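So the protein lines, in turn, are chains A and B. First residue of the first sequence: 1, per our numbering; consecutive thereafter. First residue of the second sequence: 1001, per our numbering; consecutive thereafter. Note that beta-carbon positions come from the ideal geometry of N, C-alpha and C, so glycine has one too. Quick caveat, the model's predicted, so the values are computed rather than measured.
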Amino acid sequence: MTFTIPIDNGDALKNAETDSQRTLYPYVTGTSIVAIKYKDGVLMASDMGGSYGSTLRYKNIERVKAIGKHSLLGASGEISDFQEILRYLDELVLNDNMWDDGNSLGPKEVHNYLTRVMYNRRNKFNPLWNTLVLGGVKNGQSYLGMVSMIGVSFEDNHVATGFGNHLARPILRDEWHADLSFEDGVKLLEKCMRVLLYRDRSAINKLQIAKITEEGVTVSQPYSLKTFWEFQAFHNPTAGAQGSW
Amino acid sequence: MFRNQYDTDVTTWSPTGRLFQVEYAMEAVKQGSAAIGLRSRSHVVLACVNKAQSELSSHQKKIFKVDDHIGVAIAGLTADGRVLSRYMRSEAINHSFTYESPLPVGRLVVHLADKAQVCTQRSWKRPYGVGLLVGGLDESGAHLYYNCPSGNYFEYQAFAIGSRSQAAKTYLERRFESFGDSSREDLIKDAILAVRETLQGETLKSSLCTVSVLGVGEPFHFLDQETIQKVIDTFEKVAEDEEGEAGEGDAEAAAAPAEQGGGGAGDQDVAPMEM
Chain A
1 MTFTIPIDNG DALKNAETDS QRTLYPYVTG TSIVAIKYKD GVLMASDMGG
51 SYGSTLRYKN IERVKAIGKH SLLGASGEIS DFQEILRYLD ELVLNDNMWD
101 DGNSLGPKEV HNYLTRVMYN RRNKFNPLWN TLVLGGVKNG QSYLGMVSMI
151 GVSFEDNHVA TGFGNHLARP ILRDEWHADL SFEDGVKLLE KCMRVLLYRD
201 RSAINKLQIA KITEEGVTVS QPYSLKTFWE FQAFHNPTAG AQGSW
Chain B
1001 MFRNQYDTDV TTWSPTGRLF QVEYAMEAVK QGSAAIGLRS RSHVVLACVN
1051 KAQSELSSHQ KKIFKVDDHI GVAIAGLTAD GRVLSRYMRS EAINHSFTYE
1101 SPLPVGRLVV HLADKAQVCT QRSWKRPYGV GLLVGGLDES GAHLYYNCPS
1151 GNYFEYQAFA IGSRSQAAKT YLERRFESFG DSSREDLIKD AILAVRETLQ
1201 GETLKSSLCT VSVLGVGEPF HFLDQETIQK VIDTFEKVAE DEEGEAGEGD
1251 AEAAAAPAEQ GGGGAGDQDV APMEM
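Right under this line is the structure:
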């Protein structure tokens, strides 16, 4: 007498093979992006680190990229998902260019497209694990917006991702104003990045600042910020809390 | 064009390299009532003749809004025209939803033309029997296109399709060079004058035509009958005045009704209305 043992194979949530197709956790991640509108366009700053959990594994990752003629995209979160998004946008820009008809995708269009992609992926329980910052200039109009991994999307004069939201945006709320000059804008961003460098453990001291204006995109060479560690409190950090308990 | 042995199928070529079914479909466009389009740098005006089947029925809708920045006027098989308008609306709204930006009209007409071409290369389909005048805006300004059942599309400064459109085309050919810099009002006037040409002698009344406008800062909308009648009155009156120069009597006759209207109003003020 023979009988078959029923195998539970239908349930996607329990089936390991289907599960590995969904993003469950991020592995290699980038930390904050900070961006502001200024007089001629948008400035965006990010460091060049890619963390593997608590290890600062990769130190040369460009997390800000130019998209088409009019936009700049910065990403924090899973680096491989960011690369996937760049591939989607590559195809989008390619098709737009192939029309060759004098119309081109502006930052608003790219931002909206990304919002649709992120939200639809979230609805399928397979998110792209990123928070994206989209900045750009078209026809004299500056644009700066953000999309999160669950599809929350908005525009503002200054945006930040991750730790930047908690450490950088309070500084920007106090000190940002319209029509910042390029130098003032960079100084402001460096102030924010320095705070993040001191307080965010996934930040590294190697950053790039990207600028987008009507003329186009420029991404600076990587450089580091001057830091000061000689505060008295750091000299003898355990004073006042000796012992293990 | 006469019947021949190569015209049964859209997928049969004639020995001279023609697809007769496609050409017959273009004939259907010529049977429909006239539709006219003209554009300036910033505006597009679409106008058409309202012909009802009989006195008892209403006229068919021939101009459709596709989006705030795109409109289409059709001539030919109205049913085919409605289906294609629905397709255009769908494309425009999908683009708007994904990119929060209006679909450039130049890209829409290419999609439309490619859709029409499919029907010229499948043995189980027939070409759409409708010509479309698509007017819209994109980054480079106002555009007017004509989409053909053959799957071809052309850009125009001004064009007319449908029955007796040749008369309108002749009128437009005389005037088109000035359209680029025309004001919105002049463009509308020229459109209505072109419609008048297709009526060939029939008196032009606002009930006989439908006019729509779209432009920079002005979403697509239809002009109401009053506005159209006012424009008609400006040039119909000019025609009357020209005749009036020959005889003063006519000028007086024109002045008299105005006086009578004023006198009537005065009487009403004096004598109360009796309920």
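Short Cβ contact (7 Å threshold) for residue i with residue j
{"i": "B:F1064", "j": "B:S1096", "result": "no"}
{"i": "B:A1168", "j": "B:I1036", "result": "yes"}
{"i": "B:F1222", "j": "B:D1068", "result": "no"}
{"i": "A:N126", "j": "A:T23", "result": "yes"}
{"i": "B:Y1145", "j": "B:V1109", "result": "yes"}
{"i": "A:G77", "j": "A:T131", "result": "yes"}
{"i": "A:I204", "j": "A:L56", "result": "yes"}
{"i": "A:G102", "j": "B:S1140", "result": "yes"}
{"i": "A:M48", "j": "A:I33", "result": "no"}
{"i": "B:V1029", "j": "B:P1127", "result": "no"}
{"i": "B:V1049", "j": "B:C1209", "result": "yes"}
{"i": "B:G1136", "j": "B:I1070", "result": "yes"}
{"i": "B:T1170", "j": "B:V1010", "result": "no"}
{"i": "A:S153", "j": "A:V147", "result": "yes"}
{"i": "A:K211", "j": "A:L86", "result": "no"}
{"i": "A:V137", "j": "A:G41", "result": "yes"}
{"i": "A:S46", "j": "A:G74", "result": "yes"}
{"i": "A:S142", "j": "A:K37", "result": "yes"}
{"i": "B:F1179", "j": "B:L1046", "result": "no"}
{"i": "A:E109", "j": "B:Y1099", "result": "yes"}
{"i": "A:D200", "j": "A:F163", "result": "yes"}
{"i": "A:V133", "j": "A:A35", "result": "yes"}
{"i": "B:V1211", "j": "B:I1232", "result": "no"}
{"i": "B:G1106", "j": "B:D1138", "result": "yes"}
Limits of the unbroken beta strand (DSSP E) element including residue i
{"i": "A:F163", "result": "Where A:F163 is concerned, there is no enclosing beta strand (DSSP E), although the alpha helix (DSSP H) it sits in stretches over 163-175."}
{"i": "A:M146", "result": "141-147"}
{"i": "A:A66", "result": "64-67"}
{"i": "B:D1138", "result": "1130-1138"}
{"i": "A:G30", "result": "28-30"}
{"i": "B:V1044", "result": "1043-1049"}
{"i": "B:D1067", "result": "1063-1067"}
{"i": "A:G77", "result": "71-78"}
{"i": "A:G50", "result": "50-52"}
{"i": "B:K1115", "result": "No beta strand (DSSP E) holds B:K1115; the alpha helix (DSSP H) holding it covers 1105-1118."}
{"i": "B:S1212", "result": "1209-1215"}
{"i": "A:V34", "result": "33-38"}
{"i": "B:P1102", "result": "Neither: B:P1102 is in no beta strand (DSSP E) and is coded neither H nor E."}
{"i": "B:P1219", "result": "1218-1222"}
{"i": "A:V159", "result": "158-160"}
{"i": "A:S153", "result": "153-155"}
{"i": "A:L225", "result": "Counting along the chain, A:L225 falls outside any beta strand (DSSP E), and DSSP gives it neither H nor E."}
Residues that residue i contacts on chain A, provided the C-beta gap is smaller than 9 Å
{"i": "B:R1107", "result": "W99, D101, N103"}
{"i": "B:P1104", "result": "W99, D101, G102, N103"}
Alpha helix (DSSP H) segment containing residue i, residue limits
{"i": "A:M44", "result": "From DSSP, A:M44 is part of no alpha helix (DSSP H) but of the beta strand (DSSP E) over 41-47."}
{"i": "B:K1030", "result": "1020-1031"}
{"i": "B:Y1099", "result": "1078-1099"}
{"i": "B:R1039", "result": "Premise fails: B:R1039 lies in the beta strand (DSSP E), 1035-1039, not in any alpha helix (DSSP H)."}
{"i": "A:G216", "result": "Not the alpha helix (DSSP H): A:G216 falls in the beta strand (DSSP E), residues 216-219."}
{"i": "A:F234", "result": "232-235"}
Within chain B, the residues that residue i reaches when beta carbons sit closer than 7 Å
{"i": "A:K108", "result": "E1100, S1101"}
{"i": "A:R116", "result": "T1098"}
Neighbouring residues, chain A, relative to residue i (Cβ below 7 Å)
{"i": "B:G1139", "result": "The displayed chain sequence assigns Glu, not Gly, to residue 1139 of chain B. Chain A residues near B:E1139: G102, N103."}
Residues that residue i contacts on chain B, provided the C-beta gap is smaller than 8 Å
{"i": "A:Y113", "result": "T1098, Y1099"}
Rounded distance between the beta-carbons of residue j and residue i, thought under 8 Å
{"i": "B:F1159", "j": "B:L1133", "result": "6 Å"}
{"i": "B:I1188", "j": "B:V1213", "result": "6 Å"}
{"i": "B:A1034", "j": "B:S1165", "result": "5 Å"}
{"i": "B:E1130", "j": "B:L1077", "result": "According to the sequence shown, residue 1130 of chain B is Val rather than Glu. Contact flag correct, Cβ pair sits at about 5 Å."}
{"i": "A:G53", "j": "A:S104", "result": "With 8 Å as the limit, A:G53 and A:S104 do not qualify as a contact, their Cβ atoms being about 40 Å apart."}
{"i": "A:G151", "j": "A:H111", "result": "Actually they are not in contact, since the Cβ atoms of A:G151 and A:H111 sit about 12 Å apart, beyond 8 Å."}
{"i": "A:T227", "j": "A:L197", "result": "7 Å"}
{"i": "B:G1032", "j": "B:S1182", "result": "Contact flag wrong, Cβ pair sits at about 27 Å."}
{"i": "A:W262", "j": "A:N157", "result": "Since the first residue shown for chain A is 1 and the last is 245, residue 262 of chain A is missing from the structure and cannot be characterised."}
- Query: What beta strand (DSSP E) runs, 3 residues minimum, are completely inside the region 1142-1197 of chain B?
  - Reply: 1153-1155, 1158-1161
- Which whole runs of the beta strand (DSSP E) in the region 178-210 of chain A are 3 residues long or more, in chain order? none
- Task: Run through the region 98-140 of chain A for me and flag every whole beta strand (DSSP E) of 3 or more residues, listed as ranges in chain order.
- Result: 130-138
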